[in-house]
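One structure below.
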Amino acid sequence: MTDLTIWTLDWVPEGPRGFVRDLRLRWACEEAGLAYTVRTVAFDDRATNHLDQQPFGQVPFLTDGAVETFESGAGLLYLAKKSEALMPRDAAGETATTQWLLAALNSIEMVTVPWWFLRMSGEKDNKLTGWVEMRLNQLEKELAARDWLAADRFTVADLLMADVLRVPDVRAFGSRPATEAYVARVTDRPAFKKAHADQIAHFEAADAARG
Ligand SMILES: N[C@@H](CCC(=O)N[C@@H](CS)C(=O)NCC(=O)O)C(=O)O
12 MTDLTIWTLD WVPEGPRGFV RDLRLRWACE EAGLAYTVRT VAFDDRATNH
62 LDQQPFGQVP FLTDGAVETF ESGAGLLYLA KKSEALMPRD AAGETATTQW
112 LLAALNSIEM VTVPWWFLRM SGEKDNKLTG WVEMRLNQLE KELAARDWLA
162 ADRFTVADLL MADVLRVPDV RAFGSRPATE AYVARVTDRP AFKKAHADQI
212 AHFEAADAAR G
């Protein structure tokens with residue numbers, strides 16, 4: 012029995028399956044060999060039913076005994092403290108990992124999410140396209156120079172960056188061979204495949220429960 016609990020939604024429609032951000036935390040636990048359980052809050056009441064645990068009514072959030080944390084990035088950093096498999100222990104390696112994890116959220120995802128959201132809403136050629144292109148081109152140069160973002164090894168920064176980049180609209184946008192190889196390399200890891208399959212199975216089981 013473990014106290015480490017990843018909280019997600021009890022059900023989501025087909026579209027986001029395989030991309031709900033609890034996958035980031037599942038994946039990290041799988042990489043680190045950390046035992047965890049998954050618990051849920053109701054999709055139908057998500058705007059109001061867990062504001063005490065996630066003030067924006069979103070998932071994921073994480074609980075571990077008395078510790079509670081929301082934001083997938085904060086959850087990943089919390090898990091990284093538990094296992095060197097996710098982050099090196101030397102100051103330079105830890106700092107580089109943290110820096111690239113924040114870059115994934117704050118320099119890449121902060122542009123890509125509004126961009127693909129506008130595309131999904133019908134604005135295929137929206138005003139964020141040039142910004143996304145610039146960021147992805149800059150990242151391509153970094154990834155052409157090395158296999159991993161930090162410390163010459165897989166870290167939780169690669170987990171998060173690959174998760175941000177594997178969104179279909181982002182992958183289909185332009186030709187960036189180093190980025191493509193990077194996403195393929197990181198998502199080829201058994202821990203990703205297990206986390207992904209487990210999330211899909213979780214929502215499929217919920218279909219049956221909803222009738
Ligand atoms: N910045 C947050 C974003 C969380 C987020 O967007 N969660 C989505 C699922 S992946 C969600 O809960 N959507 C439902 C909603 O916003 O009502 C994080 O990284 O944890």
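Sequential numbering from 12 applies to the sequence shown in my numbering. Each residue gets a CB set at the ideal place from its N, CA and C atoms; glycine is no exception.
C-beta atoms of residue i and residue j nearer than 7 Å
| i | j | result |
| --- | --- | --- |
| Ser83 | Arg35 | yes |
| Glu41 | Ala208 | no |
| Met98 | Val167 | yes |
| Ile17 | Pro66 | no |
| Ala22 | Ala217 | The question names Ala, but residue 22 is Trp in the sequence shown. Yes, these two residues count as a Cβ contact at 7 Å. |
| Leu154 | Thr123 | no |
| Ala173 | Val143 | no |
| Trp127 | Asp180 | yes |
| Glu134 | Arg187 | no |
| His61 | Val49 | no |
| Leu129 | Asn117 | no |
| Arg100 | Ile119 | no |
Same chain, Cβ closer than 7 Å to residue i, five either side skipped, listed in chain order
| i | result |
| --- | --- |
| Arg57 | Leu20 and Gly68 |
| Ile211 | Arg28 and Gly29 |
| Ala39 | Leu87, Leu90, Leu97, Val167 and Leu170 |
| Tyr47 | Thr13, Leu15, Thr16, Ile17 and Cys40 |
Secondary structure of residue i, DSSP reduced to three states
| i | result |
| --- | --- |
| Glu151 | helix |
| Thr80 | strand |
| Leu15 | strand |
| Arg164 | coil |
| Val31 | coil |
| Thr190 | helix |
| Thr59 | coil |
| Arg100 | coil |
| Val227 | The structure shown does not extend to residue 227, since the chain is modelled only from 12 to 222, so the question has no answer here. |
| Leu176 | helix |
| Leu87 | helix |
| Asp199 | coil |
| Phe67 | coil |
| Phe184 | coil |
Residue of the options minimising C-alpha distance to residue i
| i | options | result |
| --- | --- | --- |
| Asp14 | Gly86, Met172, Ala173 and Gly76 | Gly76 |
| Glu25 | Arg221, Ala219, Gly222 and Glu215 | Glu215 |
| Leu45 | Phe81, Arg37 and Asn117 | Arg37 |
| Ala103 | Leu73, Phe81, Met121 and Leu160 | Leu160 |
| Glu105 | Arg221, Arg164 and Met121 | Arg164 |
| Thr74 | Met121, Lys204 and Asp33 | Asp33 |
| Thr109 | Gln64, Ala85, Ala219 and Ser132 | Ala85 |
Cβ neighbours of residue i in the same chain (closer than 6 Å, five flanking residues each side left out)
| i | result |
| --- | --- |
| Ala115 | Leu171, Met172 and Val175 |
| Thr43 | Going by the sequence as given, residue 43 is Ala instead of Thr. Closer than 6 Å at Cβ, skipping near neighbours: Ser94, Ala96 and Leu97. |
8 Å CB neighbourhood of residue i in its chain, flanking five on each side removed
| i | result |
| --- | --- |
| Thr140 | Trp126 |
| Asp158 | Tyr193 and Arg196 |
| Arg182 | Leu176, Glu191 and Val194 |
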